[in-house]
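I have placed the structure first, in the form of structure tokens, so that the comments after it can refer back to it.
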Amino acid sequence: MPEFRPGVELSRLFYLEAVRPLLGDRPHLAARIGPGSDVLGFDTERSTDHDWGPRVDLFLDDAGLSERLRHELPKRFLGWPTNFVPPGARVRSMADTDGPVDHYVTVTPLDAWMRARIGDDPGWLAIPWQRLAEITGGAVFHDPDGELTAIRERFSWYSDELWRYVLGCQWARIGQEESFVGRTAELGDDTGSRVVTARLVRDVARLFLLQQRRWPPYGKWLGTAIAGDPAAKHLVAALSSDDADQRSAALCDAYEEAARRQNALGLCAPQETRRRPYFDRGYPVIDAGRFAAALLGGEPAIGSIDQITDSNDVLDRPDLCIAVSNAARSPRP
Numbered sequence: 001m002p003e004f005r006p007g008v009e010l011s012r013l014f015y016l017e018a019v020r021p022l023l024g025d026r027p028h029l030a031a032r033i034g035p036g037s038d039v040l041g042f043d044t045e046r047s048t049d050h051d052w053g054p055r056v057d058l059f060l061d062d063a064g065l066s067e068r069l070r071h072e073l074p075k076r077f078l079g080w081p082t083n084f085v086p087p088g089a090r091v092r093s094m095a096d097t098d099g100p101v102d103h104y105v106t107v108t109p110l111d112a113w114m115r116a117r118i119g120d121d122p123g124w125l126a127i128p129w130q131r132l133a134e135i136t137g138g139a140v141f142h143d144p145d146g147e148l149t150a151i152r153e154r155f156s157w158y159s160d161e162l163w164r165y166v167l168g169c170q171w172a173r174i175g176q177e178e179s180f181v182g183r184t185a186e187l188g189d190d191t192g193s194r195v196v197t198a199r200l201v202r203d204v205a206r207l208f209l210l211q212q213r214r215w216p217p218y219g220k221w222l223g224t225a226i227a228g229d230p231a232a233k234h235l236v237a238a239l240s241s242d243d244a245d246q247r248s249a250a251l252c253d254a255y256e257e258a259a260r261r262q263n264a265l266g267l268c269a270p271q272e273t274r275r276r277p278y279f280d281r282g283y284p285v286i287d288a289g290r291f292a293a294a295l296l297g298g299e300p301a302i303g304s305i306d307q308i309t310d311s312n313d314v315l316d317r318p319d320l321c322i323a324v325s326n327a328a329r330s331p332r333p
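Quick note on full-length UniProt numbering: the sequence shown kicks off at 1 and runs consecutively.
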């Protein structure tokens with residue numbers, strides 16, 4: 001196996017040395033964006049088994065270019081096959097070939113690519129965080145007029161108003177279940193306590209990323225995305241503890257850090273950051289609803305599409321994301 005290098009670096013070299021010389025004077029944009037662990041910067045040697053390798057995203061309207069590249073691209077680049085099998089499948093892997101190259105150079109107009117990723121005029125709250133990470137991640141290799149760069153900058157983060165709203169909805173999610181870790185344990189339901197803990201860990205991890213103006217990735221990469229955060233140790237402690245009181249304490253350590261960070265952002269009136277008992281039942285909580293109320297100002301905590309649903313069958317379809325998001329905000333009959 002050739003020496004592993006990050007996929008985006010491999011794609012950049014592939015474009016510059018193998019693809020660009022074949023394009024002549026065609027106006028085009030080139031990048032490595034969209035789906036893939038390499039775009040998020042999380043690829044490893046394991047990633048080389050599918051949808052990884054010498055690949056480039058070209059943005060132009062040229063129906064015949066893809067076929068011409070099949071006959072003109074080298075069969076290997078820096079030791080990696082440029083042929084992917086099976087051709088046109090959802091998941092493809094590198095494989096040698098003696099014939100034309102079934103390459104992984106996508107050729108599509110930029111507006112068509114954007115519609116496929118997020119739909120037509122979706123509204124910010126209908127775009128999944130993973131899709132936003134895919135649009136703004138990776139790297140741009142050729143963008144002479146700055147068209148693609150402008151799109152990436154546009155989708156780099158929410159406006160302050162929307163950021164405040166999404167943060168408030170994330171705090172609201174925590175507030176809805178933070179007392180359940182202690183309540184389930186009190187009932188002797190250790191499994192239930194662990195399940196609630198895991199749900200809260202996911203919500204707090206996402207909250208940390210949102211506070212840092214980072215798009216939370218989907219489940220497979222959420223732990224990787226948060227691993228470098230010093231506060232991640234509290235989430236690890238909550239998940240690994242066999243004692244419900246210790247789980248609650250670790251979660252409260254994470255809540256308090258999130259509360260301090262929230263106050264530092266200055267997006268709402270500062271709130272007390274220390275844990276407190278849950279009414280007269282005594283379970284330790286942060287009372288996350290305080291932060292939700294301060295951020296939302298009375299607005300219903302419906303949230304972005306990721307805060308409404310975690311169904312992949314919805315999140316993978318822009319039309320459904322738009323429909324669900326719109327329906328969630330429609331007035332009740």
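Every residue, glycine too, gets a C-beta built ideally from N, C-alpha and C. Please read these numbers as outputs of a predicted model, since none were measured by experiment.
{"Asked": "Kindly indicate which residue of 229, 66, 164, 252 has the alpha-carbon position closest to the one of residue 304.", "Found": "164"}
{"Asked": "What are the complete alpha helix (DSSP H) segments, minimum 4 residues, inside the region 267-325?", "Found": "289-296, 305-308, 312-315"}
{"Asked": "Thinking C-beta only, is residue 178 closer than 9 Å to residue 288?", "Found": "yes"}
{"Asked": "Would you list the one or two residues that DSSP bridges to residue 104?", "Found": "55"}
{"Asked": "Look at the alpha carbon of residue 205 and the alpha carbon of residue 92, and state the distance between them as a whole number of angstroms.", "Found": "31 Å"}
{"Asked": "Helix, strand or coil, according to DSSP, for residue 89 in the structure here?", "Found": "coil"}
{"Asked": "Leaving out five residues on either side along the sequence, give the residues of the same chain with a beta carbon under 6 Å from the beta carbon of residue 125.", "Found": "304, 325"}
{"Asked": "Could you check which residue in 56, 86, 267 has the C-alpha nearest to that of residue 212?", "Found": "267"}
{"Asked": "Assess, as a yes-or-no matter, whether the region 291-298 is touched by the region 179-193 under the definition of 3 or more beta carbon pairs within less than 8 Å.", "Found": "no"}
{"Asked": "In the DSSP assignment, find the unbroken beta strand (DSSP E) run with residue 162 in it and report its ends.", "Found": "No beta strand (DSSP E) contains residue 162, which is instead part of the alpha helix (DSSP H) from 160-177."}
{"Asked": "So, helix, strand or coil for residue 81, using DSSP?", "Found": "strand"}
{"Asked": "Decide yes or no for the touch test of the region 133-147 against the region 26-42: beta carbon pairs closer than 8 Å, at least 3 of them.", "Found": "yes"}
{"Asked": "I believe residue 226 touches residue 209 by the beta-carbon criterion, under 8 Å. Please report the beta-carbon distance rounded to the nearest angstrom.", "Found": "6 Å"}
{"Asked": "Where does the unbroken alpha helix (DSSP H) through residue 416 begin, and where does it stop?", "Found": "With the chain covering 1 to 333 only, the question about residue 416 has no answer from this structure."}
{"Asked": "Count the C-beta pairs between the region 197-204 and the region 234-254 that are closer than 8 Å, then say yes if the count reaches three, no if not.", "Found": "yes"}
{"Asked": "How would you label residue 90, buried or exposed, when you count the other beta carbons within 10 angstroms and need 16 or more for buried?", "Found": "exposed"}
{"Asked": "Pull the bridge partners of residue 94 from the DSSP assignment, please.", "Found": "84"}
{"Asked": "With DSSP collapsed to three states, give me the class of residue 71.", "Found": "helix"}
{"Asked": "In chain order, what residues of the same chain have a beta carbon less than 7 Å from the beta carbon of residue 2, not counting five sequence neighbours either side?", "Found": "78, 79, 80"}
{"Asked": "Quick check on residue 155: does DSSP put it in helix, strand or coil?", "Found": "coil"}
{"Asked": "Which residue comes first and which comes last in the beta strand (DSSP E) that contains residue 140?", "Found": "139-142"}
{"Asked": "With 9 Å set as the bound, which would you pick, yes or no: does the beta-carbon of residue 300 sit closer than that to a beta-carbon of chain C?", "Found": "The structure shown contains no chain C; it holds only a single protein chain."}
{"Asked": "Going by Cα to Cα distance, which pick from 161, 95, 315 is closest to residue 118?", "Found": "315"}
{"Asked": "How would you write the range of the alpha helix (DSSP H) that residue 127 sits in, first residue to last?", "Found": "First-last for residue 127: undefined, no H or E at that position."}
{"Asked": "By the 10 Å Cβ neighbour count, where 16 or more other Cβ atoms means buried, how is residue 11 classified, buried or exposed?", "Found": "buried"}
{"Asked": "Would you tell me roughly how many angstroms separate the C-alpha atoms of residue 172 and residue 110, rounded to the nearest one?", "Found": "37 Å"}
{"Asked": "Between which two residues does the alpha helix (DSSP H) harbouring residue 236 extend?", "Found": "232-240"}
{"Asked": "Tell me, please, whether the region 273-285 touches the region 178-187 by the rule of three or more beta-carbon pairs shorter than 8 Å.", "Found": "yes"}
{"Asked": "Below 8 Å on the Cβ atoms is my contact criterion, and I expect residue 108 with residue 59 to pass it. Report the Cβ-Cβ distance as a whole number of Å.", "Found": "7 Å"}
{"Asked": "Taking residue 260 and residue 273 to be in contact with their CB atoms under 8 Å, please state how far apart those CB atoms are, rounded to whole angstroms.", "Found": "5 Å"}
{"Asked": "When you compare each of 330, 321, 25, 329 to residue 116 by their alpha carbons, which one comes out closest?", "Found": "321"}
{"Asked": "Kindly indicate which residue of 72, 75, 104 has the alpha-carbon position closest to the one of residue 86.", "Found": "104"}
{"Asked": "Which class does residue 214 belong to by DSSP, given the choice of helix, strand or coil?", "Found": "coil"}
{"Asked": "Short of 7 Å in beta carbon distance, which residues of its chain neighbour residue 224, apart from the five on each side in sequence? Order them along the chain.", "Found": "42"}
{"Asked": "Alpha carbons only, please: which of 50, 75, 186 is nearest the one belonging to residue 14?", "Found": "75"}
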